[in-house]
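Engineer:
2 protein chains.
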Amino acid sequence: MHVGRTARERARAELTREIKDEARRQLAQSGSDGLSLRAVARQLGMVSSALYRYFPNRDHLLTALIVDAYNAVGVVAENANAAAAPTDLRVRWGNVCQAVRAWARAHPHEYALVYGSPVPGYHAPEITIVPAARVPLVLVAIVRDAWAGGALTLDPMQASFTPLLAQQIGNLAATVAPELPQDLLVRALIAWTQLFGMISFEVFGHLVGSVDPSDEFFVHAVERMADFVGLPPSSQG
Amino acid sequence: MHVGRTARERARAELTREIKDEARRQLAQSGSDGLSLRAVARQLGMVSSALYRYFPNRDHLLTALIVDAYNAVGVVAENANAAAAPTDLRVRWGNVCQAVRAWARAHPHEYALVYGSPVPGYHAPEITIVPAARVPLVLVAIVRDAWAGGALTLDPMQASFTPLLAQQIGNLAATVAPELPQDLLVRALIAWTQLFGMISFEVFGHLVGSVDPSDEFFVHAVERMADFVGLPPSSQG
DNA sequence: GCTAAGGGAGAGCACCGCTCTCGTTTGAGA
DNA sequence: TCTCAAACGAGAGCGGTGCTCTCCCTTAGC
Numbered sequence: 001m002h003v004g005r006t007a008r009e010r011a012r013a014e015l016t017r018e019i020k021d022e023a024r025r026q027l028a029q030s031g032s033d034g035l036s037l038r039a040v041a042r043q044l045g046m047v048s049s050a051l052y053r054y055f056p057n058r059d060h061l062l063t064a065l066i067v068d069a070y071n072a073v074g075v076v077a078e079n080a081n082a083a084a085a086p087t088d089l090r091v092r093w094g095n096v097c098q099a100v101r102a103w104a105r106a107h108p109h110e111y112a113l114v115y116g117s118p119v120p121g122y123h124a125p126e127i128t129i130v131p132a133a134r135v136p137l138v139l140v141a142i143v144r145d146a147w148a149g150g151a152l153t154l155d156p157m158q159a160s161f162t163p164l165l166a167q168q169i170g171n172l173a174a175t176v177a178p179e180l181p182q183d184l185l186v187r188a189l190i191a192w193t194q195l196f197g198m199i200s201f202e203v204f205g206h207l208v209g210s211v212d213p214s215d216e217f218f219v220h221a222v223e224r225m226a227d228f229v230g231l232p233p234s235s236q237g
Numbered sequence: 001m002h003v004g005r006t007a008r009e010r011a012r013a014e015l016t017r018e019i020k021d022e023a024r025r026q027l028a029q030s031g032s033d034g035l036s037l038r039a040v041a042r043q044l045g046m047v048s049s050a051l052y053r054y055f056p057n058r059d060h061l062l063t064a065l066i067v068d069a070y071n072a073v074g075v076v077a078e079n080a081n082a083a084a085a086p087t088d089l090r091v092r093w094g095n096v097c098q099a100v101r102a103w104a105r106a107h108p109h110e111y112a113l114v115y116g117s118p119v120p121g122y123h124a125p126e127i128t129i130v131p132a133a134r135v136p137l138v139l140v141a142i143v144r145d146a147w148a149g150g151a152l153t154l155d156p157m158q159a160s161f162t163p164l165l166a167q168q169i170g171n172l173a174a175t176v177a178p179e180l181p182q183d184l185l186v187r188a189l190i191a192w193t194q195l196f197g198m199i200s201f202e203v204f205g206h207l208v209g210s211v212d213p214s215d216e217f218f219v220h221a222v223e224r225m226a227d228f229v230g231l232p233p234s235s236q237g
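Next comes the structure, spelled out in structure tokens:
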């Protein structure tokens, strides 16, 4: 594996990882604003300027953490999806939603880094696109399986799309789910935004006055959105 | 009105307002991280320490801006609701959602300040609770009117609530909509989270790969969520 | 073995939030 | 009307930040 890697290269890779680990540790404690390059360097026993050999500036370090966070929540969602019987679509759906929520609650600052306000002056670089798509792709995969299996409890309707929206959804479908009726893809998108809206409200404290703790509201809403996309009742029930 | 207000008191009130205005100006340009007390003071021709006579620290200034932002979006929602015929529930619903989205797009940094990641170490003080409730209260008001008028297109079901959730919803209903079936209130909550999830995704750039520009997706989703809560078709159509 | 690139240390710049001290101004009560 | 405490602005200063630049040592490839 590490053929041709010199000692210097290995040291660089390792230090890069250590910097990210320490940065993630501080991020988890203090949030992205509290993440200080100087503090990271201090913790690693080096001087702050040395850190710039590995990351050109603070934003690049944050970007690396963002990519890692996207991948972390993506893996969690994929595993949750794979843990259920492939034919039990509703359990898969519920597992994925629960897994994303659990990850968000366990890593609120990383969640905020990714799904909260973008860092000022910061615009998501291309590197984040693929990892960012992992969770929605899992959700779409479930809907695709439901459609392919003829299991959906509602008939997709086509009529009500404006031309531009139909085109946008068509383009999106072409890359992620060509065979899926547009109506279903739109419903999945809506469920996707609802899921993260709900999680964000919980993690950021907007549910405190209404449904907090929100565990039961969450499972209820997830079921309702599973209804909304047309998933059949759990085969196990 | 200003009986008993000394010149000093009036000057203090005015300067406090000017500080907030200038802070809001900088917030709109640079985001909350870019908001600097020193820069605000500089712009106002005073020295930074003088600013601490008016706000004990940066967080208090941010809190004032948060309250203002909640009220701003709340007013916008209330006006949009009032602008439609009271009986045309779906138009009211659509107006409110569109108004909130428009405000968010026009003031992305203020939106991020309120609905994005909470500032590190910052926990929403009580003063924000009432202003924060204005938008959801408008949504609930529409659902209440629909229920009171017998206009809803679906029958609320009661069965599927767990005890804790039923209790939470009951408590919430007691303070905002005592006569509303719990099922309807839950549906409104879900629609509320969907609305802000969708707006956050748009403002924070998470829809770039899928439905962007998202105007038409937004109106479609709003209609779908109006269906979801059971609002009847527009009486004007 | 030489040389160029890689990498750490340190000083320094301009900024930040915040505190403290020191005069000045203001306004309310004696 | 005079007094005196409170309110207020200016300035210096502390410890922190991101980032740059220079210096010097080490490493790796020719």
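Residue numbers (my numbering), protein chains in the order written: chain W, 1 to 237; chain B, 1 to 237.
Backbone N, C-alpha and C define an ideal beta-carbon position, used for all residues, glycine too.
Is there a Cβ from chain W that is less than 8 Å from the Cβ of Ile-129(B)?
Structural biologist: Answer yes: the Cβ-Cβ gap between Ile-129(B) and chain W drops below 8 Å somewhere.
Engineer: So, at 8 Å on beta carbons, what are the nonlocal neighbours of Ser-234(W) in its own chain, with the 5 sequence-adjacent residues on each side left out?
Structural biologist: Contacts found: Asp-88, Arg-90, Val-91.
Engineer: Quick one: measure Cβ to Cβ for Met-198(W) and Thr-193(B), integer angstroms, because I've assumed they're closer than 8 Å.
Structural biologist: With a Cβ gap of about 4 Å, Met-198(W) and Thr-193(B) count as contacting.
Engineer: Output needed in chain order: residues of the region 166-180 of chain B with a Cβ under 8 Å from some Cβ in chain W.
Structural biologist: So the list reads Gln-168, Ile-169, Leu-172, given in the order they occur along the chain.
Engineer: Starting from Asn-95(B), follow the alpha helix (DSSP H) in both directions and report where the run begins and ends.
Structural biologist: Where Asn-95(B) is concerned, the enclosing alpha helix (DSSP H) stretches over 89-106.
Engineer: Spatial neighbours of Gly-116(W) within its chain, please: CB distance less than 8 Å, with the 5 preceding and 5 following residues excluded, ordered by chain position.
Structural biologist: Answer for Gly-116(W): Ser-200, Phe-204, listed in chain order.
Engineer: Among the residues of its own chain, which have a CB less than 7 Å from the CB of Arg-105(B), if the five just before and after it don't count?
Structural biologist: If we look at Arg-105(B) and ignore the five residues flanking it on each side, its Cβ neighbours are Val-203.
Engineer: Excluding five sequence neighbours on each side, which residues of the same chain lie with their C-beta closer than 6 Å to the C-beta of Arg-38(W)?
Structural biologist: The answer, listed in chain order, is Ser-48.
Engineer: Please state if the CB of Val-40(B) and the CB of Ile-19(B) are separated by a distance shorter than 8 Å.
Structural biologist: Yes, the pair counts as a contact, with Cβ atoms nearer than the cut-off.
Engineer: Measure the alpha-carbon distance for Asp-309(W) versus Ala-50(W) and round it to whole angstroms.
Structural biologist: There is no way to answer for residue 309(W), as the model of chain W reaches only from 1 to 237.
Engineer: Are the beta-carbon atoms of Ala-221(W) and Ile-190(B) separated by less than 8 Å?
Structural biologist: Yes, they are a contact pair.
Engineer: Please name the residues in the region 31-51 of chain B whose beta-carbon is closer than 8 Å to at least one beta-carbon of chain W, in chain order.
Structural biologist: Flagged, chain order: Gly-31, Ser-32, Asp-33, Gly-34.
Engineer: Could you give the DSSP three-state label for Thr-6(B): helix, strand or coil?
Structural biologist: Correct three-state label for Thr-6(B): coil.
Engineer: Can you confirm whether Ala-99(W), when its beta carbon is compared against all beta carbons of chain B, has any partner nearer than 8 Å?
Structural biologist: Ala-99(W) does not count as touching chain B.
Engineer: Would you report the Cα separation of Arg-25(B) and Asp-183(B), rounded to the nearest angstrom?
Structural biologist: Near 42 Å, if we compare the C-alpha coordinates of Asp-183(B) and Arg-25(B).
Engineer: Counting only C-beta atoms, is Met-157(W) closer than 8 Å to chain B at any point?
Structural biologist: So, not an interface residue.
Engineer: For a contact defined as C-beta to C-beta under 8 Å, what are the partners of Val-73(W) on chain B?
Structural biologist: By Cβ distance, chain B contributes nothing, its closest Cβ being about 13 Å from Val-73(W), past 8 Å.
Engineer: So, are the CB atoms of Thr-63(B) and Pro-125(B) less than 8 Å apart?
Structural biologist: Yes, Cβ-Cβ distance for Thr-63(B) and Pro-125(B) is below 8 Å.
Engineer: Against chain B, which members of the region 210-230 of chain W pass a CB distance test of less than 7 Å?
Structural biologist: Within the region 210-230 of chain W, the qualifying residues are Ser-210, Val-211, Glu-216, Phe-217, His-220, Ala-221, Arg-224, Phe-228.
Engineer: Given this structure, state the Cα-to-Cα distance separating Ala-166(W) from Val-138(W), to the nearest angstrom.
Structural biologist: Those two C-alpha atoms are separated by around 22 Å.
Engineer: If we ignore side chains and look at the alpha-carbon of each, how far apart do Tyr-111(B) and Ala-23(B) end up?
Structural biologist: Each residue's alpha carbon lies about 15 Å from the other.
Engineer: To the nearest angstrom, report how far apart Arg-5(W) and Val-75(W) are at their CA atoms.
Structural biologist: About 28 Å.
Engineer: Residue range of the alpha helix (DSSP H) that Val-47(W) falls in?
Structural biologist: Counting along the chain, Val-47(W) falls outside any alpha helix (DSSP H), and DSSP gives it neither H nor E.
Engineer: List, in chain order, every chain W residue whose beta-carbon is nearer than 7 Å to that of Ala-112(B).
Structural biologist: Near Ala-112(B) (Cβ distances below 7 Å), the residues of chain W are Ser-117.
Engineer: Only counting the same chain, and skipping five residues up and downstream in sequence, which positions put a Cβ closer than 8 Å to that of Val-96(W)?
Structural biologist: Cβ within range, chain order: Ala-77, Ala-80, Asn-81, Val-135, Val-138, Leu-139, Ile-142.
Engineer: Considering only the alpha carbon of each residue, which of Arg-8(W), Pro-131(W), Leu-231(W), Gly-149(W) lies closest to Tyr-54(W)?
Structural biologist: Among Arg-8(W), Pro-131(W), Leu-231(W), Gly-149(W), the Cα nearest to that of Tyr-54(W) is on Arg-8(W).
Engineer: What whole-angstrom Cβ distance do Val-229(B) and Ala-188(B) have, given they're in contact under 8 Å?
Structural biologist: Yes, they are in contact, since the Cβ atoms of Val-229(B) and Ala-188(B) sit about 6 Å apart, within 8 Å.
Engineer: Thinking just about the alpha-carbon of each residue, which of Val-211(B), Asp-215(B), Pro-232(B), Asp-59(B) is nearest to the one in Arg-101(B)?
Structural biologist: For the residues Val-211(B), Asp-215(B), Pro-232(B), Asp-59(B), the minimum Cα distance to Arg-101(B) belongs to Asp-215(B).
Engineer: Does DSSP put Leu-180(B) in a helix, a strand or coil?
Structural biologist: Three-state result, Leu-180(B): coil.
Engineer: Can you check whether the CB of Ala-133(B) is closer than 8 Å to the CB of Gly-209(W)?
Structural biologist: Closer than 8 Å, so yes.
Engineer: Among Gln-43(B), Leu-61(B), His-107(B), Asp-59(B), which one has its Cα closest to the Cα of Ala-72(B)?
Structural biologist: The candidate whose alpha carbon is nearest that of Ala-72(B) is His-107(B).
Engineer: By the DSSP assignment, the alpha helix (DSSP H) with Ala-80(W) in it spans what residues?
Structural biologist: Its alpha helix (DSSP H) spans residues 58-83.
Engineer: Taking C-beta pairs closer than 7 Å, name the residues in chain W that Gln-194(B) reaches, listed in chain order.
Structural biologist: Ile-190, Thr-193, Gln-194, Gly-197, listed in chain order.
Engineer: Out of curiosity, what's the CA-to-CA distance linking Val-114(B) and Ala-151(B)?
Structural biologist: Looking at the two C-alpha atoms, the distance is approximately 34 Å.
Engineer: Applying the 10 Å Cβ sphere with the 16-neighbour rule, what's the burial state of His-109(W)?
Structural biologist: Buried, since its Cβ has 16 or more Cβ neighbours within 10 Å.
Engineer: With H, G and I counted as helix, E and B as strand and the rest as coil, what does DSSP make of Gly-170(B)?
Structural biologist: Residue state, collapsed to three classes: helix.
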